[in-house]
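Here the structure is laid out as C-alpha coordinates; the discussion comes afterwards.
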Amino acid sequence: MVMWVPDETKRFRRRPHYRQSEIDRECETLVTGFLLKHRGKVEFPISTDDLTVLIEQHVDTLDVYADLTPDGHDVEGVTRFKIGAIPDIEISEPLSTDDRRENRFRTTLAHELGHVRLHDKLFQAAFAPGDLFEHAREHRLVCKRETMLDAPKGDWLEWQACYASGSYLMPVTALRDELKPILAVHGGLTPFRAGDAASDALIEAVMARFQVSRDAARVRLSKLDYISTAPRIPTLFG
(Lines of atoms letter the chains of each structure in order from A and count residues from 1; the text may use other names and numbers.)
(Lines give C-alpha, C1' and ligand atoms only; values in the text may rest on other atoms or scores of the structure.)
Protein backbone atom coordinates (compact mmCIF):
# COMPACT_ATOMS: atom_id res chain seq x y z
CA MET A 1 0.00 0.00 0.00
CA VAL A 2 1.33 3.42 -0.95
CA MET A 3 2.73 5.63 1.80
CA TRP A 4 1.51 9.23 1.98
CA VAL A 5 3.95 11.86 3.23
CA PRO A 6 3.93 15.68 3.57
CA ASP A 7 4.69 17.42 0.27
CA GLU A 8 7.77 19.57 0.81
CA THR A 9 7.07 21.45 -2.42
CA LYS A 10 3.78 22.66 -0.89
CA ARG A 11 1.87 21.81 -4.05
CA PHE A 12 -0.22 19.36 -2.04
CA ARG A 13 -0.79 18.78 1.65
CA ARG A 14 0.29 15.15 1.23
CA ARG A 15 1.79 13.22 -1.65
CA PRO A 16 2.34 9.55 -2.48
CA HIS A 17 5.79 8.14 -1.75
CA TYR A 18 6.71 5.11 -3.86
CA ARG A 19 9.77 2.96 -3.55
CA GLN A 20 11.30 2.01 -6.88
CA SER A 21 10.35 -1.62 -6.27
CA GLU A 22 6.71 -0.61 -5.80
CA ILE A 23 6.61 1.22 -9.11
CA ASP A 24 8.34 -1.70 -10.83
CA ARG A 25 5.80 -4.13 -9.41
CA GLU A 26 2.82 -1.97 -10.39
CA CYS A 27 4.08 -1.41 -13.93
CA GLU A 28 5.14 -4.98 -14.61
CA THR A 29 1.85 -6.36 -13.31
CA LEU A 30 -0.12 -4.01 -15.54
CA VAL A 31 1.89 -4.68 -18.71
CA THR A 32 2.21 -8.46 -18.35
CA GLY A 33 -1.45 -8.84 -17.41
CA PHE A 34 -2.46 -6.80 -20.44
CA LEU A 35 -0.25 -8.78 -22.82
CA LEU A 36 -1.50 -12.12 -21.54
CA LYS A 37 -5.11 -11.05 -22.02
CA HIS A 38 -4.59 -9.19 -25.29
CA ARG A 39 -1.98 -11.41 -26.98
CA GLY A 40 -2.06 -14.63 -24.99
CA LYS A 41 1.65 -14.35 -24.23
CA VAL A 42 4.17 -11.94 -22.76
CA GLU A 43 6.77 -10.77 -25.26
CA PHE A 44 8.87 -7.64 -25.49
CA PRO A 45 9.11 -5.10 -26.85
CA ILE A 46 5.51 -4.21 -26.30
CA SER A 47 4.44 -2.82 -29.66
CA THR A 48 3.50 0.81 -29.99
CA ASP A 49 -0.02 -0.19 -31.06
CA ASP A 50 -0.42 -2.41 -28.01
CA LEU A 51 0.94 0.32 -25.75
CA THR A 52 -1.69 2.65 -27.16
CA VAL A 53 -4.47 0.10 -26.58
CA LEU A 54 -3.27 -0.41 -23.00
CA ILE A 55 -3.37 3.32 -22.31
CA GLU A 56 -6.83 3.67 -23.85
CA GLN A 57 -8.12 1.21 -21.23
CA HIS A 58 -7.08 3.59 -18.44
CA VAL A 59 -8.04 7.01 -19.77
CA ASP A 60 -11.16 8.76 -20.97
CA THR A 61 -9.54 9.99 -24.18
CA LEU A 62 -6.09 9.61 -25.74
CA ASP A 63 -5.21 12.26 -28.30
CA VAL A 64 -1.90 11.52 -30.03
CA TYR A 65 -2.32 14.37 -32.52
CA ALA A 66 -2.57 17.24 -30.04
CA ASP A 67 -1.27 20.73 -30.71
CA LEU A 68 0.62 21.45 -27.49
CA THR A 69 2.55 24.45 -28.79
CA PRO A 70 0.42 26.92 -26.76
CA ASP A 71 2.02 25.31 -23.68
CA GLY A 72 5.52 25.70 -25.16
CA HIS A 73 7.48 24.15 -27.99
CA ASP A 74 9.27 21.87 -25.53
CA VAL A 75 6.02 20.29 -24.25
CA GLU A 76 5.53 16.72 -25.48
CA GLY A 77 2.77 15.36 -23.27
CA VAL A 78 -0.10 16.47 -21.07
CA THR A 79 -2.22 14.55 -18.58
CA ARG A 80 -5.53 16.16 -17.75
CA PHE A 81 -7.00 15.20 -14.38
CA LYS A 82 -10.76 15.74 -14.01
CA ILE A 83 -12.89 15.77 -10.90
CA GLY A 84 -14.90 12.58 -10.59
CA ALA A 85 -13.64 11.17 -13.91
CA ILE A 86 -10.66 9.30 -15.29
CA PRO A 87 -7.91 11.41 -16.90
CA ASP A 88 -7.22 12.36 -20.51
CA ILE A 89 -3.81 12.17 -22.20
CA GLU A 90 -2.57 14.42 -25.00
CA ILE A 91 0.62 13.73 -26.98
CA SER A 92 2.31 16.25 -29.24
CA GLU A 93 1.41 15.52 -32.86
CA PRO A 94 4.99 15.57 -34.23
CA LEU A 95 5.90 12.59 -32.02
CA SER A 96 3.15 10.33 -33.35
CA THR A 97 3.54 11.22 -37.03
CA ASP A 98 7.32 11.04 -37.42
CA ASP A 99 8.57 7.45 -37.67
CA ARG A 100 12.07 8.64 -36.75
CA ARG A 101 10.75 9.67 -33.34
CA GLU A 102 8.85 6.49 -32.52
CA ASN A 103 11.01 5.65 -29.51
CA ARG A 104 10.43 9.13 -28.14
CA PHE A 105 6.70 8.71 -28.79
CA ARG A 106 6.71 5.42 -26.86
CA THR A 107 8.56 6.97 -23.94
CA THR A 108 6.09 9.87 -23.80
CA LEU A 109 3.08 7.55 -23.90
CA ALA A 110 4.50 5.50 -21.05
CA HIS A 111 5.41 8.63 -19.07
CA GLU A 112 1.86 9.98 -19.23
CA LEU A 113 0.47 6.55 -18.32
CA GLY A 114 2.67 6.77 -15.23
CA HIS A 115 0.97 10.01 -14.24
CA VAL A 116 -2.46 8.44 -14.76
CA ARG A 117 -1.75 5.33 -12.71
CA LEU A 118 0.32 6.92 -9.93
CA HIS A 119 -1.26 10.34 -9.52
CA ASP A 120 -4.98 10.32 -10.32
CA LYS A 121 -5.95 9.58 -6.71
CA LEU A 122 -3.73 12.46 -5.61
CA PHE A 123 -5.52 14.93 -7.87
CA GLN A 124 -8.97 13.57 -7.01
CA ALA A 125 -8.17 14.24 -3.35
CA ALA A 126 -6.90 17.72 -4.24
CA PHE A 127 -10.27 18.59 -5.79
CA ALA A 128 -11.91 17.95 -2.39
CA PRO A 129 -13.13 20.88 -0.23
CA GLY A 130 -10.32 22.66 1.54
CA ASP A 131 -7.53 21.41 -0.70
CA LEU A 132 -5.41 22.88 -3.46
CA PHE A 133 -7.77 22.62 -6.45
CA GLU A 134 -11.02 22.88 -4.50
CA HIS A 135 -12.65 25.23 -7.01
CA ALA A 136 -11.16 23.63 -10.13
CA ARG A 137 -12.91 21.12 -12.36
CA GLU A 138 -9.68 19.83 -13.87
CA HIS A 139 -5.91 20.27 -13.82
CA ARG A 140 -3.51 19.88 -16.73
CA LEU A 141 -0.11 18.42 -15.86
CA VAL A 142 2.29 19.61 -18.55
CA CYS A 143 5.38 17.49 -19.27
CA LYS A 144 8.41 18.93 -21.04
CA ARG A 145 11.05 17.28 -23.20
CA GLU A 146 13.91 17.74 -20.75
CA THR A 147 12.13 15.90 -17.91
CA MET A 148 10.48 13.15 -19.97
CA LEU A 149 13.24 10.57 -19.38
CA ASP A 150 14.75 11.74 -16.13
CA ALA A 151 13.94 14.37 -13.54
CA PRO A 152 15.45 15.41 -10.22
CA LYS A 153 13.93 13.65 -7.21
CA GLY A 154 12.80 17.01 -5.86
CA ASP A 155 10.36 17.18 -8.78
CA TRP A 156 8.67 14.05 -7.48
CA LEU A 157 5.67 14.11 -9.82
CA GLU A 158 7.94 13.98 -12.86
CA TRP A 159 10.50 11.67 -11.25
CA GLN A 160 7.83 9.06 -10.51
CA ALA A 161 6.40 9.28 -14.04
CA CYS A 162 9.91 9.02 -15.54
CA TYR A 163 10.62 5.91 -13.51
CA ALA A 164 7.25 4.40 -14.44
CA SER A 165 7.93 5.05 -18.12
CA GLY A 166 11.07 2.92 -17.96
CA SER A 167 9.24 0.27 -15.96
CA TYR A 168 6.42 -0.06 -18.49
CA LEU A 169 8.71 -0.30 -21.49
CA MET A 170 11.49 -2.32 -19.79
CA PRO A 171 9.85 -4.38 -17.03
CA VAL A 172 12.35 -5.34 -14.39
CA THR A 173 12.00 -9.14 -14.62
CA ALA A 174 12.36 -9.27 -18.40
CA LEU A 175 15.23 -6.79 -18.26
CA ARG A 176 17.13 -8.82 -15.69
CA ASP A 177 16.64 -12.00 -17.72
CA GLU A 178 17.97 -10.22 -20.81
CA LEU A 179 21.08 -9.04 -19.01
CA LYS A 180 22.07 -12.32 -17.33
CA PRO A 181 24.19 -13.69 -20.20
CA ILE A 182 25.95 -10.36 -20.71
CA LEU A 183 26.77 -10.09 -17.02
CA ALA A 184 28.13 -13.64 -17.13
CA VAL A 185 30.45 -12.75 -20.03
CA HIS A 186 31.79 -9.53 -18.56
CA GLY A 187 31.86 -10.62 -14.94
CA GLY A 188 32.59 -8.18 -12.19
CA LEU A 189 30.25 -6.47 -9.82
CA THR A 190 27.73 -3.93 -11.02
CA PRO A 191 27.43 -1.05 -11.46
CA PHE A 192 29.73 -0.94 -14.46
CA ARG A 193 31.32 2.38 -15.26
CA ALA A 194 29.44 4.34 -17.96
CA GLY A 195 31.43 4.20 -21.20
CA ASP A 196 33.05 0.86 -20.43
CA ALA A 197 32.60 -2.03 -22.84
CA ALA A 198 30.41 -3.83 -20.32
CA SER A 199 28.03 -0.90 -19.82
CA ASP A 200 27.83 -0.31 -23.58
CA ALA A 201 26.94 -3.97 -24.07
CA LEU A 202 24.12 -3.69 -21.53
CA ILE A 203 22.75 -0.56 -23.19
CA GLU A 204 22.83 -2.11 -26.67
CA ALA A 205 21.04 -5.23 -25.44
CA VAL A 206 18.29 -3.22 -23.76
CA MET A 207 17.82 -1.00 -26.82
CA ALA A 208 17.46 -4.03 -29.10
CA ARG A 209 15.16 -6.03 -26.84
CA PHE A 210 12.77 -3.31 -25.70
CA GLN A 211 12.72 -0.83 -28.63
CA VAL A 212 13.90 2.17 -26.66
CA SER A 213 16.42 4.91 -27.28
CA ARG A 214 19.99 4.82 -26.00
CA ASP A 215 19.16 7.51 -23.47
CA ALA A 216 16.12 5.60 -22.19
CA ALA A 217 18.16 2.42 -21.81
CA ARG A 218 20.96 4.28 -20.05
CA VAL A 219 18.61 5.95 -17.58
CA ARG A 220 16.84 2.69 -16.79
CA LEU A 221 20.09 0.83 -16.23
CA SER A 222 21.38 3.65 -14.05
CA LYS A 223 18.25 3.63 -11.89
CA LEU A 224 18.64 -0.12 -11.37
CA ASP A 225 22.36 0.26 -10.53
CA TYR A 226 23.70 -1.65 -13.51
CA ILE A 227 25.76 1.29 -14.69
CA SER A 228 27.09 4.40 -12.96
CA THR A 229 28.50 7.76 -13.98
CA ALA A 230 30.01 8.33 -10.53
CA PRO A 231 33.81 8.52 -10.41
CA ARG A 232 35.43 5.22 -9.56
CA ILE A 233 37.11 5.28 -6.15
CA PRO A 234 40.57 3.66 -6.20
CA THR A 235 41.17 0.77 -3.81
CA LEU A 236 44.19 -1.28 -2.80
CA PHE A 237 43.07 -3.86 -5.34
CA GLY A 238 42.78 -1.56 -8.36
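So that you can map any letter, position 79 of the sequence shown is 79 in UniProt numbering, and since no number is skipped, the others follow by simple counting.
Note that the Cβ used here is the ideal one computed from N, Cα and C, for glycine as well.
Note that the structure is a prediction, hence the values are computed from the model and not measured.
The Cβ-Cβ distance between residue 62 and residue 52 falls below 8 Å.
The criterion of a C-beta distance shorter than 8 Å is satisfied by residue 163 and residue 23. Runs of the beta strand (DSSP E) lying entirely within the UniProt domain "IrrE N-terminal-like" (100-222), each at least 3 residues long, are 138-144 in chain order. Listed in chain order, the alpha helix (DSSP H) runs fully inside the segment 25-108 are 48-56 and 93-97, counting runs of at least 4 residues.
Residue 168 counts as buried, since at least 16 other C-beta atoms from the protein chains shown sit within 10 angstroms of its C-beta. Residue burial annotation: residue 89 is buried, with at least 16 other C-beta atoms found within 10 angstroms of its C-beta. Excluding residues up to 5 positions away in sequence, nothing lies with its Cβ nearer than 8 Å to the Cβ of residue 187 in the same chain. For residue 5, the uninterrupted beta strand (DSSP E) run begins and ends at 3-6, by DSSP. Closest in alpha carbon position to residue 32, among 215, 173, 190 and 191, is 173.
When the alpha-carbon of residue 176 is set against those of 8, 221, 77 and 35, the nearest one is in 221. Under the 10 Å beta carbon count, residue 57 is surrounded by fewer than 16 other beta carbons and is classified as exposed.
For residue 123 against residue 134, the beta-carbon gap comes to about 12 Å, at or over 8 Å, which does not count as contact. Going by beta carbons, residue 111 and residue 66 fall outside the 8 Å limit.
Three or more Cβ pairs closer than 8 Å define a contact, and the segment 149-159 falls short of that threshold against the segment 77-87.
Counting the other Cβ atoms within 10 Å of the Cβ of residue 108 gives 16 or more, which makes it buried. With at least 16 other beta carbons inside 10 angstroms of its own, residue 218 counts as buried. Around the beta carbon of residue 116, 16 or more other beta carbons sit within 10 angstroms, so the residue counts as buried. Residue 14: member of the beta strand (DSSP E) spanning 14-17, first to last residue. With contacts defined as CB atoms closer than 8 Å, residue 86 and residue 60 qualify as a contacting pair. Less than 8 Å divides the Cβ of residue 91 from the Cβ of residue 77. If you ignore the 5 residues before and after residue 27, its C-beta comes within less than 7 Å of the C-beta of 164, 167, 168 and 171, all in its own chain and listed in chain order.
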